[in-house]
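Numbering of the sequence shown is given in my numbering, commencing with residue 7 and proceeding in unit increments.
Notes follow the structure.
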Amino acid sequence: MTVKVGFIGAGHIATYHGKSLRRSGADHVIAAVYDVDPTRARAFAQASGAEVMGSEEAVMAAVDALYVCTWTSEHPRAVMAAAACGLPVFCEKPLAITLDQARAAAAAVEEAGVINQVGLVLRSSPAFLELEHQLADPANGRVQAVVLRDDQYLPVQGIYGSSWRADQTKAGAGTLLEHSIHDVDALEWLIAPMRSVSTRASTFHGHPGIEDTVVSSMEFVGGAQGTLVSVWHQLLERPSLRRLEVICEHAFITLEHDAHGPVTWIRSDGSSGSLEGQELRAAVSERSGGRVPNQDRGFVEAVATGTAGDHPDLLTAVRAHEVVDAMYRSAASGGNAVMVG
Ligand SMILES: NC(=O)c1ccc[n+]([C@@H]2O[C@H](COP(=O)([O-])OP(=O)(O)OC[C@H]3O[C@@H](n4cnc5c(N)ncnc54)[C@H](O)[C@@H]3O)[C@@H](O)[C@H]2O)c1
7 MTVKVGFIGA GHIATYHGKS LRRSGADHVI AAVYDVDPTR ARAFAQASGA
57 EVMGSEEAVM AAVDALYVCT WTSEHPRAVM AAAACGLPVF CEKPLAITLD
107 QARAAAAAVE EAGVINQVGL VLRSSPAFLE LEHQLADPAN GRVQAVVLRD
157 DQYLPVQGIY GSSWRADQTK AGAGTLLEHS IHDVDALEWL IAPMRSVSTR
207 ASTFHGHPGI EDTVVSSMEF VGGAQGTLVS VWHQLLERPS LRRLEVICEH
257 AFITLEHDAH GPVTWIRSDG SSGSLEGQEL RAAVSERSGG RVPNQDRGFV
307 EAVATGTAGD HPDLLTAVRA HEVVDAMYRS AASGGNAVMV G
């Protein structure tokens, strides 16, 4: 079955998904697009072959599955509209600008019983999948501590080319919700659920309600402790980058760069190693049936077969929203420890 997909929102991330779909080999056609900015819709259509539609409803009527790639405040409404039409939906993260709206969007797709997926892309990053593999080695002993630094330039410039991330009514908040929702999801996936968080946040760039500097101390079930540093700076020379260090009883494992590594490890049994780039992709691919996991191929295949794959769904994202919400409540109290529900 060739899956006809449509896009609501035709900016930076829609373009990324369009290219990823093409590269993925998934049996699909990008059939329709709508953007409130017709120039963006036309540019996307030219690159993807989609037909430009005059409304969101016209896109939904023309396709088998919908990508929601608008700025964040529009996500829950568009997801609920897709669910009401019985359409499978891929929603970009964050699901919404509030926890309640994120829960409502997830409830709508669950109730409608439609295939649904969320753009928590670190779950299909070769580097993070390699880290997951390294952490599964019993020779490591237990995870004692994790340090994660996530920094990028304030994304209202450079490759982003949009200003909505400085507007609280559209973005909800700053670096923690908009970017580090990926981090809290990855940390719980890789280590354990968080039990409590203590967070402090500040703003250097002066956009009301948009924090750009966050440090959170996290306690995980099982006793591991962690620190998340999430920063939006003004260093345009530096792309979005992460560095993770995981310290176990008998291993020290690091990850750099969101996708390509290197991932390095050293264990007290004397073993050590490092994987990066093509070598890293090959190792991940070998463990995944000869294909590096791809969120877009996963979505199209789930729609074609009517069976959810193993990519994260909206309920998974709700959990990340709950953690982020606890972090914001802690920051609002000046850093008090807040239990994660
Ligand atoms: N998964 C990731 O790693 C990742 C990366 C970047 C962005 N995102 C998320 O994707 C979303 C979009 O980000 P972006 O960088 O593509 O922003 P963008 O500004 O490049 O694109 C958003 C587009 O949505 C359009 N739009 C807004 N409201 C609309 C509506 N009601 N109907 C139709 N079009 C509408 C805008 O005109 C704009 O063209 C955000 O929620 C962002 O957090 C996720």
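Every residue, glycine too, gets a C-beta built ideally from N, C-alpha and C.
Sheet register partners of residue i (DSSP bridge)
{"i": "PHE226", "result": "MET200"}
{"i": "ILE272", "result": "PHE258 and SER278"}
{"i": "LEU250", "result": "LEU154 and LEU261"}
{"i": "TRP170", "result": "According to DSSP, TRP170 bridges with nothing at all."}
{"i": "MET66", "result": "Per DSSP, none; premise fails for MET66."}
{"i": "ILE187", "result": "According to DSSP, which records beta bridges pairwise, ILE187 is partnered with nothing at all."}
{"i": "SER54", "result": "BP columns for SER54 are empty, so no partner."}
{"i": "ARG206", "result": "VAL221"}
{"i": "ILE36", "result": "VAL11"}
{"i": "PHE96", "result": "TYR73 and GLN123"}
{"i": "ARG345", "result": "First, the amino acid is wrong: residue 345 is Met here, not Arg. Paired residues: SER202."}
{"i": "TYR159", "result": "HIS239"}
Local conformation of residue i per DSSP, three classes
{"i": "ILE121", "result": "coil"}
{"i": "LEU137", "result": "helix"}
{"i": "ALA88", "result": "helix"}
{"i": "HIS23", "result": "helix"}
{"i": "SER30", "result": "helix"}
{"i": "TRP195", "result": "helix"}
{"i": "LYS176", "result": "helix"}
{"i": "LEU234", "result": "strand"}
{"i": "LEU72", "result": "strand"}
{"i": "VAL115", "result": "helix"}
{"i": "VAL329", "result": "helix"}
{"i": "VAL42", "result": "coil"}
{"i": "VAL298", "result": "coil"}
Closest by C-alpha distance to residue i, when choosing among the options
{"i": "GLY92", "options": "ALA84, ASP106, LEU101 and GLY119", "result": "GLY119"}
{"i": "ALA84", "options": "ARG248, THR104 and GLU63", "result": "GLU63"}
{"i": "GLU348", "options": "GLY24, ILE19, SER30 and ALA16", "result": "Shown here, the chain extends from 7 to 347; a query on residue 348 therefore has no answer."}
{"i": "MET200", "options": "ALA326, ARG48 and ALA38", "result": "ALA326"}
{"i": "LEU141", "options": "ASP43, ILE259, ALA56 and ALA310", "result": "ILE259"}
{"i": "ALA230", "options": "GLU251, ARG244, HIS211 and GLY212", "result": "GLU251"}
{"i": "SER186", "options": "ALA20, HIS23, ALA56 and MET333", "result": "MET333"}
{"i": "ALA240", "options": "TYR159, PHE96, GLU57 and ARG28", "result": "Inspection of the sequence shows that residue 240 is occupied by Gln rather than by Ala. Nearest of TYR159, PHE96, GLU57 and ARG28 to GLN240, Cα basis: TYR159."}
{"i": "SER26", "options": "ARG109, SER202 and SER131", "result": "SER131"}
{"i": "SER4", "options": "GLN52, VAL11 and GLY340", "result": "The structure shown does not extend to residue 4, since the chain is modelled only from 7 through 347, so no value can be given for it."}
{"i": "ASP191", "options": "LEU234, SER280, ALA177 and THR209", "result": "LEU234"}
{"i": "VAL95", "options": "HIS317, PHE50 and VAL346", "result": "HIS317"}
{"i": "LEU105", "options": "ILE121, SER79, ALA88 and VAL9", "result": "SER79"}
Cβ distance (whole Å) where residue i is taken to contact residue j below 8 angstroms
{"i": "PRO100", "j": "GLU184", "result": "7 angstroms"}
{"i": "LEU286", "j": "ALA47", "result": "Not really, about 36 angstroms apart at Cβ, beyond 8 angstroms."}
is_contact[residue i, chain B] using C-beta, thresh 7 angstroms
{"i": "ALA326", "result": "Chain labels in this structure do not include chain B; a single protein chain is all it has."}
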